[in-house]
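Residue numbers (the numbering used here), protein chains in the order written: chain A, 26 to 602; chain B, 669 to 1137; chain C, 19 to 211. All C-beta atoms, glycine included, are put in the ideal place defined by N, C-alpha and C. Structure, as structure tokens:
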Amino acid sequence: MSTEQQILPKDAAAAEGKVNVQINGTWYRFPKGTRIADACNSVGVHVPCFCYHPKLSVAGSCRMCLVEQGMPPRLAPGTTPTYNEDGYQTIQWMPRAIVACANTVAENMGIRTTGTVCTEARRAVLEFLLTNHPLDCPICDQAGECKLQEYTADYGQLTHRFTESKIKKGKNLSIGPRVNLDQERCVLCRRCVRFMKEVVGEEVLGVVGRGARNAIACYPGKTLDSNYSMNVVDLCPVGAMTSKDFRFKMRVWFLKSTPTIDVNCGTGTNINIWTRGQQVYRITPRQNDEVNSCWMPDDHRLNYQYINAPERLLTPLIRTDEGTGQRPASWEPLLRTAAEQLRRCKSSELAIIASARLTNEELYLTRHLADLLGVKFFDIVPRMGEDDGMLISADRNPNTTGAKLILGKDGSTLPDIVRGVKIGKIRSLIVLGEDVTTDAGITAEQLHDLDYLLVMAHSETPTTQAADVVLAGVTFAEKYGTMINVTGRIQRLNRAIEPLGEARADWDILRALLQECGEIPLKAARATSPMEILDEMAGQYDALAGVSWSSIGNAGLPVVDTGVTIPLIEREKSKKS
Amino acid sequence: MSEITYKPGRAPHPRETRRIFRNIDRVGYDPSIECFMKDGGYETLKKAVAMEPAAIIDEVKKSGLRGRGGAGFPTGVKWTFIPKGNTKPVYLVCNCDESEPGTFKDRFIVHQDPHQLIEGMIIACYAVQAHYAIIYMREEFPEAAKIVKRALSEAEKHHFLGKNILGSGYDLKIILHRGAGAYICGEETGLINSIEGVRPYPRIKPPFFPAAIGLYGCPTIVNNVESLCQVRQVLMRGGEAYAADGATRSPGTRIIGVSGDVQRPGYYEIISGSITYGELLYDLCGGPKPGRTFKAIIPGGASAKVMRCDEVLKGRNPDGSVRKMTIFDVPMDLDSIAQHGSMSGSGGVIVMDDSRSMPEMLRNLNRFFAWESCGQCTPCREGNPWMLKLSTRICQGKAAPEDVDLLKSVADNICGRTVCAFGEACAWPVQAFTTKFRDEFLALTRPVNAMKPHNPETAEARKYLTRED
Amino acid sequence: MKEQPDAIAALAATNPSPGEKFYPPFQVTPELTKKAKEYIAMYPEGKELSAVLPLIHMVQEKHGYICPESVIWIADMCNSTPIHVQGIVSFYPGIRTSCPGKWHIRVCHTIACALSGGEELLAYICEKIGINPQALTNEHPIAVSSDGLWSIEAVECLAACGFGPNLMVNDALYSQMDRAKVDALIAQYSNKA
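What follows is the structure in structure tokens.
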């Protein structure tokens, strides 16, 4: 080593508040207090875990995450440490493995996940887990996304050494309206128990019995009926907790998952939509520590049936003569007719009721449609409820923040429009993505009395039934776009399935309608994708300056300061600090 | 002082030194405070509360006193693990969950001389400045619970407990908390969880000592009953004087409980290291039963590794040379037996003579550990019933020779991979029995058993797999 | 045939026992609540949960066992949930979920007592009080005689290993037992009020 004073890695790391850790022979730097499991996973060294979950307290009980660990030798009093060429101390490896979930990193620590100490330990633990497991993968819903299966591929043994009787426990137990329990498949990681106690704050699940007869249970009469109950299904690393909704519907390996966001409220919970072909099978939460952590409410999760429901409008419809019914039409002539009809409407008697369920791009096009038609009466339908103190926002529209930003509308003038319709001042109406008979307070009769009604919707409603022209739009699962949630975070919607039937994505319909309505010097009107529209918007709104589809990413981007917070996320952050 | 007389058959052997057990089974001695005070009780406390708490800790450190619950951790050192500058309340818990099979010393203290414990406990609480302490008593001592409760209120009446103890300005409340029959509550963090009113799963390490984070998240000292009584002895005698008695590394007296196949089983209080296992079993306990010879010894409670009596051990002479010896030559202190692969634990010596079947003994232990496993972590929860099923099959003659190796392998797989020391406790007996008495195990097996179904389900399935032509 | 309760329903199922006639049925009374509050007050403020075990002991001493109604009551008193209390009740072998006999005999069969004949003694007592030893299983550790006078339980270590075989009748320990002593003991308790 050179004579001049070199900075040792430990001092360099300490200056950043970090420590040096050697993982499988490579040195890394991690902040002090990082759990070994998190450290390993962050550098691509996989640590198998059943019980550990970063959002829950550490149980350390599954023993699957055992790793080989070493530290520099303990110094005899009065001696100074010696450093090798590379500036690190020699690591003295411990003969017994430690759990990676409960231990944190330390300076000059060594971790090995590949040696015999570690693999033997994991093989042993896995063998134990399988001894009393029913091995019923062929009829288990978890198959394909089961940690026990995955780790068996990694650490399983080819022979089965356990030949005794297995312990019998409860099977197919209905522990709640949406969740079933199989106690025999359970590995007793207690993630579900901890989740219900620590995150939901309802201690409805617990462990009963002891030793090998331990089992998860709820007390008779107290069921797992929380609106967050289905998160235990996601949390369960094995097939012990299964979703009643998804049970036996489809093998998970046939499903494609698409990362997108939930549109049931202003939180914009990050989700994955699981589809096969054009059918949606389930929705699961996707981790986003700024939006929904790892969770989502059950009613939002299960609100996907309408996507493939018979009420879906699969073609655009048109009413040619007063008194006749609606009939399907082809898009081009229909849009041409619609544009013509719109142009004939007196702009002072025309109103647009748009929706805060539309994406930013669609709202942007709507704004230009309104400008083009010279519409004065123009607003969205507000949808306020009560927040649940967890993830469900009081605002049940997913994009109110976007509507405020892009349209400058928040629903406050909707009553004027409704009154206008009632007293006949407004004779023509454009409804985009809403059923005004339910949430806006316009009756079907009033709609029928209008001179002209144009509706864009994905499903048949009393509003579409009264319409002269129905533009068949799509659900959130069938389109791309962006929305801004209550906290001001812009997030991406991704297309999980193709638009059903002849239906077209809403932005696509609006763009085509704009083109039909007149020549406008707007790139967006000729855009071939919502991403292009977003690019144009980025140049028009200060809040969106520099925002692009790729910069939003799957995690979203804060763009507006609304001052609104999500209670569950705040709790999680305060717990951390 | 007048001569002490003991109940018939309970008088100490001349080689015993009765300190903690001085008043056990003594004629005319009852658990009342009057009796205790007549015998010099609470004098040491008066001395202690006049001292600085730190000075008491120093004294206990100087004494070299090591915990008597089984692990043998230096008591004084444990006390210093309370974080410096701690502002939270400090708790002291007396572990009276005596449940290691073979150990039965605390039972006599709490039944017959509870004030000895309470005095030791007050001194310890004062030293660590705990104002709230709990005696965690196992459920199987219902009488002792009543006795200790009465003793606590007596002590309070005499101002040894409560506010401003003996005018020192120091307050202390001691309560009694009863367990409910779980071995795992003897593990200090399991015990703490039991007091907190949650399932008594041992806590994950780190933190390694509840002195950092224990009961209700506060620094907590957990000491065994005998350890706390020894604290009183340390203060009574002075740390240095205490350290002068017995083995250098584990001074003081030790209470040994002998059970099994000896002429006179029972308890014996000896100066640590002053006698060997041979002297204990042949002199104090009177040797094997008529016509029998000693076969095996479990030297420190059920979880200690069994020792064969004919096992040749390597001992070291003072000059460093090696000599051959047997377990009978090993001195009874905390460390000597550990050098030969077992442990002296909490002092429960279980003796088996040549009439015993070792697989049957192991099956009994396996049943104990399978029954007592808390089931928190995988290896212990799943491994123990497996070992029990294997050893039962061996005893029933339904096992194949390879099942003996499998049994050992299962134990190896548990050992060192569990949350608490129960993993070792259940694995060590299996490892030792199957290795040291392998022939006996193999003799019960038949190779053909490997082909036979071991459970009804497999037997049923076999019907469909066998071709009948 | 009666349908078996599933694993969840079984947690609150009633297990009738002939021993019930010797114990008053569980009932919440002002005295019981008062006593419970005294136990809770023993622990630091806000730590009501610590009183779960003392309350369980209190109920069990008086009523013989922990019935589903008492689980709910204890949970209520300790600011906890029934499943939490059930988790504790079902963990400890010292907590019974069905009523024992008037005289509950616990025989130790762990190694030291086994060495001195504990297992044989267990069989002998079973025969003596008319209980089939096969009725003792992990799931049902207690068996009650048909007259409800006796119940038996094989237990692990009672911590009196040097003086085995040991057994307990209710709260009292009897050491160094043999058949003759058992005969005398059973005769003694049969006539005891």
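| message | If I measure Cβ to Cβ from N861 (chain B) and keep anything under 8 Å in the same chain, skipping five residues before and after, which residues do I get? | response | R867, P868, Y869, P870 and R871, listed in sequence order.
| said: Distance check for I106 (chain C) and T755 (chain B), CA to CA, integer angstroms please. | reply: A straight-line Cα-Cα distance of about 32 Å links T755 (chain B) and I106 (chain C).
| said: Taking 7 Å as the threshold (C-beta atoms), are A492 (chain A) and L475 (chain A) in contact? | reply: No, Cβ-Cβ distance for L475 (chain A) and A492 (chain A) is not below 7 Å.
| said: Strictly under 7 Å for the Cβ-Cβ distance: is V150 (chain A) near chain D by that measure? | reply: Note that chain D does not occur in the displayed structure, where the protein chains are A, B and C.
| request: Within its chain, find whatever has a CB closer than 6 Å to the CB of V1019 (chain B); leave out the 5 residues flanking it on each side and keep chain order. | output: Excluding sequence neighbours, V1019 (chain B) sits near G928, D929, V930 and I965.
| field | Per-residue contacts from F181 (chain C) into chain A (C-beta, under 9 Å) | value | Within chain A, no residue comes near F181 (chain C); the closest Cβ sits about 28 Å away, beyond 9 Å.
| said: Please tell me whether S35 (chain C) and C117 (chain C) are closer than 7 Å, where the distance is taken between their beta carbons. | reply: In this structure, the beta-carbon distance from S35 (chain C) to C117 (chain C) falls below 7 Å.
| message | For C243 (chain A), list the residues DSSP reports as bridge partners. | response | In the DSSP output, where bridge partners are listed per residue, C243 (chain A) has A:L230.
| query | Which residues does DSSP pair with V187 (chain C) in a beta bridge? | reply | In the DSSP output, where bridge partners are listed per residue, V187 (chain C) has C:I123 and C:A190.
| message | Against N1052 (chain B), what residues of chain A qualify as contacts under a CB-to-CB distance less than 8 Å, listed in chain order? | response | Near N1052 (chain B) (Cβ distances below 8 Å), the residues of chain A are G236 and A237.
| Listed in chain order, which residues of the stretch 202–233 of chain A have Cβ atoms closer than 7 Å to some Cβ of chain C? | Considering only beta carbons, the part of the stretch 202–233 of chain A lying closer than 7 Å to chain C consists of Q208, E228, V229, L230, G231, V232 and V233, in chain order.
| said: Let me see if you follow: with CB-CB separation under 7 Å, is I92 (chain C) close to chain A or not? | reply: I92 (chain C) does not count as touching chain A.
| said: To test your reading of the DSSP string, which unbroken beta strand (DSSP E) runs of 3 or more residues are found completely within the stretch 717–786 of chain B? | reply: You should have 759–764.
| task | Answer with yes or no whether the minimum CB distance from Q104 (chain C) to chain A is below 7 Å. | result | So, interface residue.
| task | Report all residues from its chain with a CB closer than 6 Å to the CB of D24 (chain C); omit the five preceding and five following residues, and keep chain order. | result | For D24 (chain C), where only same-chain residues beyond five positions count, there are no Cβ hits under 6 Å.
| Which bits of chain A does C886 (chain B) rub up against, with CB to CB less than 8 Å? | Within chain A, no residue has its beta carbon less than 8 Å from that of C886 (chain B); the closest one is some 18 Å off.
| task | Compute the beta-carbon to beta-carbon distance between Y851 (chain B) and E174 (chain C), rounded to the nearest angstrom, for a pair I have assumed lies under 8 Å. | result | The pair is a contact, with the Cβ atoms about 7 Å apart (cut-off 8 Å).
| message | Here's a check: name, in chain order, each residue in its chain whose Cβ is nearer than 6 Å to the Cβ of P487 (chain A), leaving out the five neighbours to either side. | response | Exclusion of the five residues before and after P487 (chain A) leaves T462 and A469 as the residues of its chain whose Cβ lies within less than 6 Å of its Cβ.
| Going by the beta-carbon positions, is the gap between V446 (chain A) and I467 (chain A) smaller than 7 Å? | Between V446 (chain A) and I467 (chain A), the C-beta spacing is below 7 Å.
| query | With 16 as the cutoff for other CB atoms within 10 Å, does L339 (chain A) come out buried or exposed? | reply | Counting Cβ neighbours within 10 Å, L339 (chain A) comes out exposed, since fewer than 16 surround it.
| Between the C-alpha atoms of K973 (chain B) and P967 (chain B), what's the straight-line distance to the nearest angstrom? | Straight-line measurement puts the Cα of P967 (chain B) at about 8 Å from the Cα of K973 (chain B).
| query | So, is W1096 (chain B) buried or exposed, given that buried needs 16 or more other C-beta atoms within 10 angstroms? | reply | Using a 10 angstroms sphere on the CB of W1096 (chain B), the tally of other CB atoms reaches 16 or more, which defines it as buried.
| request: Can you give me, in chain order, the residues of the stretch 29–40 of chain C that have a beta carbon less than 9 Å from any beta carbon in chain A? | output: Within the stretch 29–40 of chain C, the residues whose Cβ lies closer than 9 Å to any Cβ of chain A are, in chain order, L29, A30 and A31.
| message | Ignoring anything shorter than 3 residues, give me the beta strand (DSSP E) runs that lie fully in the stretch 322–404 of chain A, in order along the chain. | response | Qualifying beta strand (DSSP E) stretches, in chain order: 375–379.
| request: Report the partner residues of S282 (chain A) according to the DSSP bridge assignment. | output: In DSSP, S282 (chain A) forms a bridge with A:W299.
| Should H473 (chain A) be labelled buried (16 or more other beta-carbon atoms within 10 Å of its own) or exposed? | Taking all protein chains in view, the Cβ of H473 (chain A) is surrounded by fewer than 16 other Cβ atoms within 10 Å, so the residue is classified as exposed.
| request: Kindly indicate if chain A contains any beta-carbon less than 7 Å away from that of I872 (chain B). | output: At least one CB atom of chain A sits nearer than 7 Å to the CB of I872 (chain B).
| field | Inter-residue spacing [alpha-carbon to alpha-carbon] between A563 (chain A) and G578 (chain A) | value | About 15 Å.
| Range covered by the beta strand (DSSP E) that runs through H827 (chain B) | Taken as a continuous stretch (DSSP letters only), H827 (chain B) belongs to no beta strand (DSSP E), as it is neither H nor E.
| field | Neighbourhood of F776 (chain B) by C-beta, 6 Å cutoff - its chain only, sequence neighbours within 5 removed | value | Its chain contains I692 as the residues whose beta carbon lies nearer than 6 Å to that of F776 (chain B), once the 5 sequence neighbours on both sides are disregarded; these appear in chain order.
| Is W118 (chain A) helix, strand or coil by DSSP? | W118 (chain A): strand per DSSP, three-state reduction.
| request: Could you tell me how far apart the beta carbons of W231 (chain A) and Q104 (chain C) are, in whole angstroms, since I believe they sit closer than 8 Å? | output: It is Gly, not Trp, that sits at residue 231 (chain A) in the sequence shown. Contact between G231 (chain A) and Q104 (chain C) holds, with the beta-carbon distance rounding to 7 Å and staying under 8 Å.
| field | Within-7 Å CB hit, G770 (chain B) to chain C | value | Answer yes: the Cβ-Cβ gap between G770 (chain B) and chain C drops below 7 Å somewhere.
| request: Go through its chain and collect everything with a Cβ distance to C977 (chain B)'s Cβ below 8 Å, but skip five positions before and after it. | output: T961, F962, K963, A964, I965, T994, I995 and F996.
| field | Cβ-based neighbour list, S193 (chain C), same chain, cut-off 6 Å, excluding 5 preceding and 5 following | value | Listed in chain order, the non-local C-beta contacts of S193 (chain C) below 6 Å within the same chain comprise A178, F181 and N184, local neighbours out to five positions each way being set aside.
| said: For a test of the three-state rule: what should DSSP assign to N289 (chain A), helix, strand or coil? | reply: In the three-state reduction of the DSSP assignment, N289 (chain A) falls in the coil class.
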